[in-house]
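What follows is a short report on a single structure.
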Amino acid sequence: MVKLAEWRGKQLFRKYGIPLPRGEVARSADEAESAVRSGAVPLPCVVKAQVLAGGRGKGGAVRFANSAAEAKAAAEAILGLEFKGERVRELLLEEKLPISKELYVSITLDRARRLPILMSSAQGGVEIESVDDSAIDRQSVDPFPGLTAYERRRAAGALGLSGPARGSLDRLLEGLWKLFVEEDAELVEINPLAIVGDGLVALDAKVIIEDDAGFRHPEYAEIRDDRTPLEEIAREKEIAFVQLDGNIGVIANGAGLTMATLDVLQEFGGRPGVFLDLGGTDDPKKVTEAFLLMAQARPKAVFLNIFGGVTKCDTVARGLVEAMAKVPPTDRFPLVARIRGNNEKEGVEILRQAGIISIPTLRESAQAAVAAAGSGA
Amino acid sequence: MVKLAEWRGKQLFRKYGIPLPRGEVARSADEAESAVRSGAVPLPCVVKAQVLAGGRGKGGAVRFANSAAEAKAAAEAILGLEFKGERVRELLLEEKLPISKELYVSITLDRARRLPILMSSAQGGVEIESVDDSAIDRQSVDPFPGLTAYERRRAAGALGLSGPARGSLDRLLEGLWKLFVEEDAELVEINPLAIVGDGLVALDAKVIIEDDAGFRHPEYAEIRDDRTPLEEIAREKEIAFVQLDGNIGVIANGAGLTMATLDVLQEFGGRPGVFLDLGGTDDPKKVTEAFLLMAQARPKAVFLNIFGGVTKCDTVARGLVEAMAKVPPTDRFPLVARIRGNNEKEGVEILRQAGIISIPTLRESAQAAVAAAGSGA
Amino acid sequence: MSVLVDRDTRVVVQGITGHQGTTHARLMREFGTSVVAGVTPGKGGSSLDGVPVFDSVQESVDRTAANASCIFVPAPFAKDAALEAIDAGIRLLVVVTEHIPFHDMLVMYHYGRAKGARIIGPNCPGIASPGRAKVGIIPNVVFRPGRVGVISRSGTLTYEIVSGIKDHGLGQSTCIGLGGDPVVGTSFVDALPLFEADPDTDVLVMVGEIGGTAEEDGAEYIQSHLSKPVVAYIAGRSAPEGKRMGHAGAIISRGKGTAASKVAALERAGAKVARFPYEIPDLVAQALSEGAGR
Amino acid sequence: MSVLVDRDTRVVVQGITGHQGTTHARLMREFGTSVVAGVTPGKGGSSLDGVPVFDSVQESVDRTAANASCIFVPAPFAKDAALEAIDAGIRLLVVVTEHIPFHDMLVMYHYGRAKGARIIGPNCPGIASPGRAKVGIIPNVVFRPGRVGVISRSGTLTYEIVSGIKDHGLGQSTCIGLGGDPVVGTSFVDALPLFEADPDTDVLVMVGEIGGTAEEDGAEYIQSHLSKPVVAYIAGRSAPEGKRMGHAGAIISRGKGTAASKVAALERAGAKVARFPYEIPDLVAQALSEGAGR
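Residue numbers (the working numbering), protein chains in the order written: chain G, 1 to 377; chain S, 1001 to 1377; chain B, 2001 to 2294; chain Z, 3001 to 3294.
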């Protein structure tokens, strides 16, 4: 999941012909000032923090300016702010347009129907979650033949558009659909979509690109997500790694088994702190890397729960033993292991030789892990 | 059906990334000379008449040149030639490439399966009709999801390609498919498709665009087809009009009824000369225009056979009477009419008042028309 | 019983406010068809001869339980109209519109097929079952209830032939005009089994044209699957090779596709092939009396 | 009988020459499955443990009558592999490959549906019926023939649970791992009726995860259509809101999609919901004995 900052989303909007306010990105107060002075951003203008969290307006991360000096001052006020855990490093300056109404449109995936869904609402400018269901028009869109003219017509009706604004919406939705498909988006959302004069303008842009389509889109590879530094390292190594606020590290394979493991630990009073999903690897080196990553998170104890399928038990055991040798003595942690499935015997034996006992049942092993972490810390 | 001249087809090939020899269009011997002299067309080169008929090579409409002077001479020899009924007005000059093998690929419509069909043969450079069926690989292509990678792979196998030429074919077929769909083509054919070094080059281009998609492609409107001047006028007026070499003019509505009428006339010894299909119009003015067009073709007699559906009998009768008044006395012709179907009574009465008797049965009316045309002339 | 349409057929006319849509909505009602709705985007809320007009097919289905659509919208918008009808749950579409690009029809056909919707046409006169319902534009005057089924690729030639059957004192069970475009939603092969299964049809008339291989494919089906007698006619025996006869379906291509090839295939399949339209009624009467004698 | 696979299942392994393909082709054969062919473009003509390798799925079908495919090809090529299998007439596809973009899976799913092909997966462990056939990667050791049907969205958690059933002295009729991706070819709602109709299944185990509404939809189906007892488990009750649990299927979205919502829906539908995986075998045994008593 790659969430694009507003300005990046708008770059895509431009590519697909979706109308935008005139604007410019700035990374310093001076850049903000000169964006206005050069005329690239007409006055009056709005100065917006480029952070991924919502609620920027109320949070002081959006300001208005009537001159280059005001734009500079606004930029100084916003840049460097910590907004919902994100540091503001970039600003988007845009002309402030005379808006007569704010609408909402988005395209995302409807998993249950296995079809993209186009949502339209005449109540834009607020979080869509707060809009009554009856005020949101939903239409499934078949990938073949794609978004049809009649679907766009119905959306225009739902938004209450007529005349030239209807034609404007038609073209905009064609572009939005194309973007959704060609850029492998999970979500494209325009909120608010503003009526300005006879036409429409996208005032905000929320675009989420699917991770798995990375092979088609190397251009998104370097865009960072909302991850902690360790999570970021894990991502580079293609290990699923999530930090919570407990003290037991969990290494499992497969999302379902990982979650079930957390459930059981919690049942016995444990507080999982980091969990790490080995997924379907069968490379001992990757297992070693995963363990070393876990060590860096400094858990009180680690619970290893593996059911060998693609990932074989002896592979995990080998990787684990290799890793334990590399962890500095100060970073060592008590380890409770449970390995079952393919090559179970070999894996259990390798662990045994390294002095680690594999407890075969989930309940008992989880209890042991909770005990190892202790009640304090 | 808009058949594109080779150079127009190649313009489309260029648009879709299909590799071509370097070349230039010339409309005079001087243009041909300077195309070579300027370096736009490297030497040695080939000078090809831009006519729609096949068999140009054997017909002397393709020549080779090793210098600008030779190119000029070749152009002089070809321009103005009458080739299978077509006057040569344009030439395409292209570099002559070192060809190691000639292949064939095309995409067209398979009506029976209602699917586009990709045909590939390692025996290119000859008319595909003369290639044995077993040497042509045929693959149906579903519009959704479009030409797939595995289909392109199979085509490469059928063409005996490997290494870089395989990759070249893959991209070429992607482009050809895109062209077929986006340009609303009935046929896209590359014959020969030449292996030149490691890659592929389209030496010829045959593209036929569908008439009915004209609303999406105004750019093809002015390209003329292989029609007689009267047929061309009829086309502008959206009247289906075909000239044969008999002496009875036939006006009917609908392709099936028109053909059945010709069948019956022929049975009774008549020779249909022009036939004109009113189609589904219900506009008396269009009927009048059609009659006046028929008059220009100077038939010995005209047989009007209408079954009124969308085209109503009284509309036809009115248009006919209007037209008869406008035909100059010298151009008049005997008329046999048969009008049936919607508003039959009204139509028959309008004709009766103008002195024309409608004969209700097909057999008898056809016999009357043959008699009216006489045996001579 | 009848084929595809019956007294429960509830027609929505897409493009009802156009000249053709208005005219034929009226003629369908005169035939006895339940025309329950019209659709013209932007004209929703109005009505025409008492038939309510809606902005979308979905509304017309929700409000009037329409279950068949007759499409008259101009060619550039016909694909969209068909997709809209299919998505709204319509399972029988008669597309009268002519000059629809075949690339559009490919999309309509394959989308319809995936969703279980049948398309008749495009560029077709539609379907009618006298005494039951008509969806399309075949003139009402040519019909009379009876036991002859008609399947035709032609338009006006169909009227001519159906009318000839009536003039001969016979009547029709159901008549389908398939349309002569390169890609049709329903072909001979698709329509033949429907008539074979129809207890109201005793004999079939199949009207073909030169071009394509639909008649040859139909003949193959007749030979292997059909028990009912078939009378056939192929228009264009005298047409010169390579000349267009008015629509793309009528270009002669090598071997198959000629009148001779089609006639031979049909005769091999046991069909009686008329040389001229006016021979059809006698052949039909003959087939009926032979069938009665069995 | 069993669900979707049986002794007549003839598997072609797409991507057989890769590490996973080779390994699991062998394991499927050890399970007793007829692995009749492999496909790797460019490697046609070779063989692997006596299994012939072809360049295309069509060839493998023509030459070995393969009727099911197990797909291991890397994500960028998986869509093409699936389309190839569908076009070659394969009607059961198990897609093991993970990280296939959902836009690709949309195409695979809807194309397959239009052609009557069923896809299990992607990113799934596949399907197995002990004593009959396995198409996929579930470890052979967890199985033992029996009368418990298992449907699961998880991978290794499925192994854990299926293994637990075996350790308890019970056995499985058929086990399907649906995969946890946003778009799956076969969901609970699709799989449940197959087990309901299977005379070899007496009780069903349904293993779900937080995220999406597949479990709620399944519960609705159970309530209205299922007569057999269901034991369910939902992983992720303790997961914090909004954090990713390793794949996109596990993002919690408002209201529906939480463990609480799923558990409640399943309990309303009459399923026994285990709180932990190790509670499942007892609940299954209980349901079996109650069923025997009816």
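Backbone N, C-alpha and C define an ideal beta-carbon position, used for all residues, glycine too.
Just so you know, these numbers come straight off a predicted model, no measurement behind them.
(message) What does the alpha-carbon distance come out to for the pair VAL131/G and SER121/G?
(response) If you number the first sequence from 1, residue 131/G lands on position 131. If you number the first sequence from 1, residue 121/G lands on position 121. Taking the straight line from one Cα to the other gives about 8 Å.
(request) Report buried or exposed for GLU129/G, applying the criterion of at least 16 other Cβ atoms within 10 angstroms of its Cβ. (result) Start at 1 with the first residue of the first sequence, and residue 129/G comes out as number 129. So GLU129/G ends up on the exposed side.
(message) Extract the residue ranges of the alpha helix (DSSP H) inside the segment 3212–3240 of chain Z, only unbroken runs of 4 or more that lie entirely within it.
(response) Segments of the alpha helix (DSSP H) lying fully in the segment 3212–3240 of chain Z: 3214–3225.
(message) I'd like to know whether the C-beta atoms of PHE268/G and GLN139/G end up nearer to each other than 9 Å.
(response) Here residue 268/G is taken as the residue at index 268 of the first sequence, counted from 1. Here residue 139/G is taken as the residue at index 139 of the first sequence, counted from 1. Taking 9 Å as the Cβ cut-off, PHE268/G and GLN139/G do not qualify as a contacting pair.
(request) Determine whether the Cβ of ALA149/G lies closer than 9 Å to any Cβ atom of chain B. (result) Translated into the one-based positions of the first sequence, residue 149/G becomes position 149. Interface residue, yes.
(message) Quick check on PHE3276/Z - is its C-beta less than 9 Å from some C-beta in chain G?
(response) For the purposes of this step, residue 3276/Z is identified with residue 276 of the fourth sequence, where counting begins at 1. Chain G, which has a Cβ nearer than 9 Å to the Cβ of PHE3276/Z, makes this yes.
(request) Please report how far the alpha carbon of THR2009/B lies from the alpha carbon of GLN1353/S, in whole angstroms. (result) Indexing the third sequence from 1 puts residue 2009/B at position 9. Indexing the second sequence from 1 puts residue 1353/S at position 353. When rounded, the distance between both Cα atoms is 43 Å.
(request) Note the first and the last residue of the continuous alpha helix (DSSP H) segment covering LEU1320/S. (result) Your numbering for residue 1320/S matches position 320 in the second sequence. Its alpha helix (DSSP H) spans residues 1313–1326.
(request) Sort out for me which residues DSSP pairs ASN305/G with in a bridge. (result) Here residue 305/G refers to the residue found at position 305 of the first sequence. Its beta-bridge partners are ALA252/G, ARG338/G.
(message) On the CB-based measure, 16 or more other CB atoms within 10 Å of its CB, does ILE1239/S come out buried or exposed?
(response) By 1-based counting over the second sequence, the position of residue 1239/S is 239. Flag for ILE1239/S reads buried.
(request) In the DSSP assignment, find the unbroken alpha helix (DSSP H) run with LYS15/G in it and report its ends. (result) In the first sequence, the residue the question calls residue 15/G occupies position 15. Element bounds for LYS15/G: 6–15.
(message) Tell me which residues share the same chain as TYR2278/B and place their Cβ nearer than 8 Å to its Cβ, disregarding the 5 neighbours each side in the sequence.
(response) Taking the third sequence and counting its residues from 1, one reaches residue 2278/B at position 278. Once the five neighbours on either side are set aside, the close Cβ partners of TYR2278/B are GLY2164.
(request) Grab me the residues of PRO3130/Z's own chain with a C-beta within less than 7 Å of its C-beta, minus the 5 sequence neighbours each way, in chain order. (result) Numbered from its first residue, the fourth sequence carries residue 3130/Z at position 130. The residues PHE3143, ARG3144, PRO3145, GLY3171, GLN3172, in chain order, have a CB closer than 7 Å to that of PRO3130/Z in the same chain once the five nearest residues on each side in sequence are set aside.
(message) Residues in the same chain with beta-carbon distance under 8 Å from ARG1216/S, minus the five sequence neighbours each way, listed in chain order, please.
(response) Position 216 of the second sequence, counting from 1, holds the residue named residue 1216/S. Here the set comprises ASP1184.
(request) Name, please, each residue of chain G whose Cβ falls closer than 8 Å to the Cβ of GLU3209/Z. (result) In the fourth sequence, the residue the question calls residue 3209/Z occupies position 209. The contact set of GLU3209/Z on chain G, defined by CB atoms closer than 8 Å, consists of ALA255, GLY256, MET259 in chain order.
(request) With DSSP collapsed to three states, give me the class of GLN2172/B. (result) Along the third sequence, one-based indexing puts residue 2172/B at 172. Correct three-state label for GLN2172/B: strand.
(request) For chain Z, find out if any of its Cβ atoms is closer than 9 Å to the Cβ of GLY1157/S; answer yes or no. (result) The residue given as residue 1157/S occupies position 157 in the second sequence. The C-beta of GLY1157/S comes closer than 9 Å to at least one C-beta of chain Z.
(request) Determine, using beta carbons only, whether PRO98/G comes closer than 9 Å to chain B. (result) Along the first sequence, read from residue 1 onward, the residue named residue 98/G stands at position 98. Answer no: the Cβ-Cβ gap between PRO98/G and chain B never drops below 9 Å.
(request) Check the Cβ-Cβ distances between ARG3237/Z and every residue of chain D, and say whether any is below 9 Å. (result) No chain D is present in this structure, whose protein chains are G, S, B and Z.
(request) Rounded to whole angstroms, what's the CA-CA distance from MET2108/B to CYS3070/Z? Just pull it up for me. (result) Sequence index remark: in the third sequence, residue 2108/B carries index 108 (1-based). Sequence index remark: in the fourth sequence, residue 3070/Z carries index 70 (1-based). Taking the straight line from one Cα to the other gives about 32 Å.
(request) Output yes if chain B places a C-beta closer than 9 Å to the C-beta of ALA3114/Z; else output no. (result) The count along the fourth sequence starts at 1 and reaches residue 3114/Z at position 114. Chain B contact via Cβ: present.
(request) Could you have a look at ALA49/G and say whether DSSP puts it in helix, strand or coil? (result) Residue 49/G sits at position 49 when you count from the first residue of the first sequence. ALA49/G: strand per DSSP, three-state reduction.
(request) Spatial neighbours of GLU346/G within its chain, please: CB distance less than 7 Å, with the 5 preceding and 5 following residues excluded, ordered by chain position. (result) Counting from one through the first sequence, the residue named residue 346/G turns up at place 346. Cβ neighbours of GLU346/G beyond the five flanking positions: CYS313, ASP314.
(request) Residues of the segment 3071–3082 of chain Z with a CB closer than 9 Å to any CB of chain S: list them in chain order, please. (result) PHE3077, LYS3079, ASP3080, ALA3081
(request) Take PRO299/G and list the residues in its own chain whose beta-carbon comes closer than 7 Å to its own, dropping the five residues that flank it on each side. (result) For the purposes of this step, residue 299/G is identified with residue 299 of the first sequence, where counting begins at 1. So the list reads ASN247, ILE248, GLY249, GLY273, VAL274, PHE333, once near-sequence residues are dropped.
(message) Among the candidates GLU1151/S, PHE1291/S, VAL1348/S, whose CA atom is the shortest distance from the CA of ALA3085/Z?
(response) Position 85 of the fourth sequence, counted from the start, is the residue given in the question as residue 3085/Z. Of the listed residues, the one whose Cα sits closest to ALA3085/Z is GLU1151/S.
(message) With the cut-off set at 9 Å, would you say PRO1116/S and PHE1013/S are in Cβ contact?
(response) Here residue 1116/S refers to the residue found at position 116 when the second sequence is read from its first residue. Here residue 1013/S refers to the residue found at position 13 when the second sequence is read from its first residue. Not closer than 9 Å, so no.
(message) What does the alpha-carbon distance come out to for the pair ASP1344/S and ARG1318/S?
(response) As a first step, residue 1344/S must be located in the second sequence, where it is residue number 344. As a first step, residue 1318/S must be located in the second sequence, where it is residue number 318. Per the sequence presented here, residue 1344/S reads as Glu, with Asp not at that position. Their Cα atoms are separated by approximately 12 Å.
(request) Taking ALA1029/S and LYS1072/S to be in contact with their CB atoms under 8 Å, please state how far apart those CB atoms are, rounded to whole angstroms. (result) By 1-based counting over the second sequence, the position of residue 1029/S is 29. By 1-based counting over the second sequence, the position of residue 1072/S is 72. About 5 Å separates the two Cβ atoms, so the contact holds.
(request) Check GLY3246/Z in the structure and name its three-state DSSP category. (result) As a position in the fourth sequence, residue 3246/Z is number 246, starting the count at 1. Note that GLY3246/Z scores a pLDDT of 37, beneath 50, so its modelled location is shaky; the value from the coordinates is reported in the next line. Three-state result, GLY3246/Z: coil.
(request) Quickly, what does DSSP pair ASP137/G with across the bridge? List them, please. (result) Here the question's residue 137/G lines up with position 137 in the first sequence. The partner list for ASP137/G (beta bridge, DSSP) reads SER120/G.
(request) Mind checking the segment 3089–3117 of chain Z against chain S and listing, in chain order, the residues whose C-beta falls within less than 7 Å of any C-beta there? (result) Listed by position, the residues of the segment 3089–3117 of chain Z near chain S (Cβ gap below 7 Å) are VAL3107, TYR3111.
(message) Between VAL116/G and chain B, is the shortest Cβ-Cβ distance under 9 Å, so that the two count as touching?
(response) If you number the first sequence from 1, residue 116/G lands on position 116. Note that residue 116/G is Pro in the sequence shown here, rather than Val. By this cut-off, PRO116/G is not an interface position.
(request) Kindly list, in the order they appear in chain G, the residues whose Cβ is closer than 9 Å to that of SER2056/B. (result) Position 56 of the third sequence, counted from the first residue, corresponds to residue 2056/B. Correct list: TYR150, ARG153, ARG154, GLY157.
(message) If you measure between the beta carbons of GLY2126/B and ILE2119/B, is that distance less than 9 Å?
(response) Along the third sequence, read from residue 1 onward, the residue named residue 2126/B stands at position 126. Along the third sequence, read from residue 1 onward, the residue named residue 2119/B stands at position 119. No, these two residues do not count as a Cβ contact at 9 Å.
(request) Report yes if the CB atom of ARG22/G is closer than 9 Å to the CB atom of VAL46/G, and no otherwise. (result) In the first sequence, the residue the question calls residue 22/G occupies position 22. In the first sequence, the residue the question calls residue 46/G occupies position 46. Cβ distance not < 9 Å, so ARG22/G and VAL46/G don't count as in contact.
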